[in-house]
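Only one structure is covered here, and it is reproduced in the block below.
In the numbering used here, the protein residues as written are 400 to 653.
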């Protein structure tokens, strides 16, 4: 498997606080990578650096043939225009903690919006494809509902459908179940399990350790803005070598 994502020496600061410290990693095409760690460890900031929602202070992220947010001229990187950044991002889906749906649009309209506005797709074709995706996430019968008429789990599944509608090569999930009531978590995780089985490349920031154990090809444990330990689910979750990883997993299991 070739590397679809290459993160090279990424550092991100907010004032005097360094949220991400010189992080490098690769994600192969078709891999599911779960990033775990305590709150404030830099997981979500790293995810936001991947699609340039946060511009790294040092380092860069390459997805396929694009260095996200930049163009290369000689040996230097220059920031791209907003239009070019939007083009680069169109290959990267993002599912947030909060669902970020347009409240005045139905589920179908939320899913159709991106392909029509960003990719210039024919509206009728976009609606047909959006309906198929809503069916895929189990919401074909909720296509005409507005977000306020949907449960939190249903809203998050619409958000996943919206991310998939752009046919991305990579989807980022930023703790997608953290805002849900416990009884709604399972329906979102099930959709994500099914996506993982299709070979979609996914990077998932999650506190759902059981889910990570089940679906991840690679686990990354972060603390203090750095990658402390990485490996297979068996290696990191069952037989960790770093003391900080052991302490975190022991606390999570209590």
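In this text, a Cβ means the ideal position worked out from N, Cα and C, and glycines have one as well.
- Here the stretch 575-588 lies against the stretch 544-553, with 3 or more beta-carbon pairs under 8 Å apart.
- Taking the Cα positions, residue 414 is about 44 Å away from residue 526.
- Note that the stretch 422-429 touches the stretch 618-626; at least 3 beta-carbon pairs, one per stretch, sit closer than 8 Å.
- Assigned with DSSP and collapsed to three states, residue 490 falls in coil, not helix or strand.
- Residue 514 is positioned such that its CB atom lies no closer than 9 Å to that of residue 531.
- Residue 578 and residue 497 have their C-alpha atoms some 7 Å from each other.
- The continuous beta strand (DSSP E) containing residue 630 extends over residues 625-630.
- For residue 559, the uninterrupted alpha helix (DSSP H) run begins and ends at 551-564, by DSSP.
- Per DSSP, residue 516 is not a residue of any beta strand (DSSP E); the alpha helix (DSSP H) it occupies stretches across 506-516.
- By DSSP's assignment, residue 652 forms no beta bridge with any residue.
- In its chain, beyond the 5 residues on either side, no residue has a beta carbon closer than 6 Å to the beta carbon of residue 438.
- Of the residues assessed, residue 574 falls on the buried side of the cut-off, its CB having 16 or more other CB atoms within 10 angstroms.
- Taking 9 Å as the cut-off, the Cβ atoms of residue 468 and residue 454 count as close.
- Contact between residue 443 and residue 427 is ruled out by a C-beta separation of about 22 Å, above the 8 Å threshold.
- For residue 525, the enclosing alpha helix (DSSP H) begins and ends at 522-535.
- Counting only residues of its own chain and dropping the five nearest sequence neighbours on each side, residue 587 has a CB closer than 7 Å to the CB of 552, 555, 556, 575, 576 and 579.
- Within the same chain, and ignoring the five residues on either side of residue 567 in sequence, the residues whose Cβ sits closer than 7 Å to its Cβ are 490, 491 and 492.
- A direct Cα-Cα distance of roughly 6 Å separates residue 559 from residue 494.
- Looking at the backbone, the Cα of residue 445 and that of residue 410 are separated by about 9 Å.
- Distance check between residue 610 and each of 595, 539 and 547 places 595 closest, using alpha-carbon atoms only.
- For secondary structure counted as the beta strand (DSSP E) over 3 or more consecutive residues, the stretch 426-459 holds these complete runs in sequence order: 431-435.
- Leaving aside the five residues that flank residue 450 on each side, the residues in its chain whose CB is nearer than 7 Å to its CB run, in chain order, 467, 488, 491, 493 and 571.
- Residue 505 is positioned such that its CB atom lies closer than 9 Å to that of residue 543.
- Judged by DSSP in its simplified three-state form, residue 611 adopts helix.
- Taking C-beta atoms as the reference points, residue 546 and residue 507 fail to come closer than 9 Å.
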